[in-house]
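Enquirer:
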Amino acid sequence: MDSSRQLQCEELSLLIAMFVDNEFQWIGDENQIESWKSIIDNFNLNQTTIRNLEEIPQFRFRLSLDINNSWLNVFLPLRYPKVQPECYFSSDNVNKQTWTEINFEIEMKVKELNANDECCIFELYQHTKSYLTEKFSQYTLSDYDDNKNEKEKASLQLSRILIWTHHLLSLEKRKNICQWAEELGLWGFSKPGYPGIIIVEGLNDRVHEYISRLKSLRWQAITVRSEQTEPLDLKEQHYGERVKLRLGRSNPGVTELETMSEISSKMKKADLEEMFMSAMKINKK
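Sequential numbering of the sequence shown, starting at 1, is according to full-length UniProt numbering.
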């Protein structure tokens, strides 16, 4: 198999596994989309040949950035990653100046990430999303005085998240997952292996600190698949009683489970089965 197309299939398989629902969308006509889906499915089954790859059009797709109904659009040339991908930002909710600024940032980042002829779409996605978050939050804070206390308001929310990783094997990472949860007062559980699953619940600002710490580690791929928030009253000093993932545990921390079925059972017991099934793209029969 052509090495460039093989690397593209590997990267696309990973992206499709990471993005749920319509967060990953092919861009093309029905025949093109069917051929792309077929080639990726066959690749995952080790049934793809060089001839198969020669017969399909170059990959085009887009990834949802979850901000202002915006997208990262991607076109992979035949020789990518040996040549740069064509990537651009699109949204119906930004003006031309903002659109130009964001696309310039993407262009510069693509050159930086692709300098060593390595696949870079996920890294580009993470950078673009972080850039947008900062940019739009600055606009919001400067335009609306009533958002000055958003940080304080956010800290008075109870949040629960499900994190998906390509794999979780490192003993050091598994140690951090447990220690940081105890330090930040979070309850939850994790599953090592392929894929890695981490589910925690606690105060919103601490949950996001936890996410930040985890993402600072070296991963092949990591993404927050699901997040839920609930408001807390200022008088709720014993909010631990509201934590669904506590499940009788007296002190905060993460319990490591061995199988996906154990995770599923725990989520069902916590009345969070729908969150788990949706995040893992499992159709309930």
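Every residue gets a Cβ at the ideal spot worked out from N, C-alpha and C, and that includes glycine.
For a quick check, are the C-beta atoms of Ile263 and Val200 less than 8 Å apart?
Expert: Locating residue 263 in the sequence shown gives position 263, where the first residue counts as 1. Locating residue 200 in the sequence shown gives position 200, where the first residue counts as 1. It is not a contact, given that the beta carbons lie outside the stated cut-off.
Enquirer: Could you tell me which residues DSSP puts in a beta bridge with Ser70?
Expert: Taking the first residue of the sequence shown as 1, we reach residue 70 at position 70. DSSP output for Ser70 lists Ser91 as bridge partner(s).
Enquirer: Sort Ile197, Val94, Arg225 by Cα distance to Thr259 and report the nearest one.
Expert: Position 259 of the sequence shown, counted from the start, is the residue given in the question as residue 259. Distances from the alpha-carbon of Thr259 to those of Ile197, Val94, Arg225 put Ile197 closest.
Enquirer: So, are the CB atoms of Ile85 and Val94 less than 8 Å apart?
Expert: Mapped onto the sequence shown, residue 85 falls at position 85. Mapped onto the sequence shown, residue 94 falls at position 94. The question names Ile, but residue 85 in the sequence shown is Pro. Cβ atoms of Pro85 and Val94: not closer than 8 Å.
Enquirer: Using 8 Å for Cβ pairs, my map puts Glu23 next to Cys119. What's the rounded Cβ distance?
Expert: Numbered from its first residue, the sequence shown carries residue 23 at position 23. Numbered from its first residue, the sequence shown carries residue 119 at position 119. About 19 Å separates the two Cβ atoms, so there is no contact after all.
Enquirer: Would you list, in sequence order, the uninterrupted alpha helix (DSSP H) runs of no fewer than 4 residues that lie entirely inside the stretch 226-265?
Expert: none
Enquirer: Can you give the Cα-Cα distance for Tyr210 and Glu107, rounded to whole angstroms?
Expert: Residue numbering aside, residue 210 sits at position 210 when the sequence shown is read from its first letter. Residue numbering aside, residue 107 sits at position 107 when the sequence shown is read from its first letter. Answer to the nearest angstrom: the Cα atoms are 30 Å apart.
Enquirer: Take Met267 as the anchor and find which of Gly253, Leu78, Leu245 has the nearest alpha-carbon.
Expert: On the sequence shown, position 267 is the one that residue 267 refers to. Nearest C-alpha to Met267: Leu245.
Enquirer: Report the rounded CA-to-CA distance for Met18 versus Ile121, giving the unit in angstroms.
Expert: As a working mapping, residue 18 is identified with position 18 in the sequence shown. As a working mapping, residue 121 is identified with position 121 in the sequence shown. If you take the alpha carbons of Met18 and Ile121, they lie about 13 Å apart.
Enquirer: With DSSP run on the structure shown, which of helix, strand or coil describes Leu141?
Expert: Stepping through the sequence shown from its first residue, residue 141 is reached at position 141. Below a pLDDT of 50, predicted positions are generally treated as unreliable, and Leu141, at 35, falls in that range; the measurement from the model is reported next regardless. Three-state DSSP puts Leu141 in a helix.
Enquirer: Between the alpha carbons of Lys111 and Asp29, how many angstroms are there, rounded?
Expert: The residue you call residue 111 lines up with position 111 of the sequence shown. The residue you call residue 29 lines up with position 29 of the sequence shown. Rounded to whole angstroms, Lys111 to Asp29 spans 29 Å at the Cα level.
Enquirer: Excluding sequence positions up to five away, which residues of its chain have a Cβ less than 7 Å from the Cβ of Asn69?
Expert: Counted from its first residue, the sequence shown places residue 69 at position 69. Only Ser91, Asp92, Asn93 meet the Cβ criterion.
Enquirer: So what's Ser159 in DSSP terms, helix, strand or just coil?
Expert: Here residue 159 refers to the residue found at position 159 of the sequence shown. It is a strand residue.
Enquirer: Quick check: what's the CA-CA separation for Ser226 versus Cys178?
Expert: For the purposes of this step, residue 226 is taken as residue 226 along the sequence shown, with counting starting at 1. For the purposes of this step, residue 178 is taken as residue 178 along the sequence shown, with counting starting at 1. About 20 Å.
Enquirer: Do the CB positions of Leu158 and Glu274 come within less than 8 Å of each other?
Expert: Counting from 1 along the sequence shown, the entry for residue 158 is found at position 158. Counting from 1 along the sequence shown, the entry for residue 274 is found at position 274. Going by C-beta atoms, Leu158 is not nearer than 8 Å to Glu274.
Enquirer: Within 10 angstroms of its Cβ, does Thr165 collect 16 or more other Cβ (buried), or is it exposed?
Expert: Here the question's residue 165 lines up with position 165 in the sequence shown. With a threshold of 16 other beta carbon atoms within 10 Å, Thr165 meets it and is buried.
Enquirer: According to DSSP, simplified to helix, strand and coil, what is Val110?
Expert: Position 110 of the sequence shown holds residue 110. Note: Val110 maps to helix in three-state DSSP.
Enquirer: Out of curiosity, what's the CA-to-CA distance linking Thr98 and Glu34?
Expert: On the sequence shown, position 98 is the one that residue 98 refers to. On the sequence shown, position 34 is the one that residue 34 refers to. Computed Cα separation, rounded: 35 Å.
Enquirer: Could you check which residue in Ser130, Asn116, Gln228, Tyr88 has the C-alpha nearest to that of Ile163?
Expert: By one-based count along the sequence shown, residue 163 stands at place 163. For the residues Ser130, Asn116, Gln228, Tyr88, the minimum Cα distance to Ile163 belongs to Gln228.
Enquirer: Below 8 Å between beta carbons: does that hold for Arg242 and Trp187?
Expert: Here residue 242 refers to the residue found at position 242 when the sequence shown is read from its first residue. Here residue 187 refers to the residue found at position 187 when the sequence shown is read from its first residue. Result no, Cβ atoms of Arg242 and Trp187 do not sit closer than 8 Å.
Enquirer: Look at the alpha carbon of Gly193 and the alpha carbon of Trp26, and state the distance between them as a whole number of angstroms.
Expert: Taking the sequence shown and counting its residues from 1, one reaches residue 193 at position 193. Taking the sequence shown and counting its residues from 1, one reaches residue 26 at position 26. Using only the alpha carbons, I get a separation of about 29 Å.
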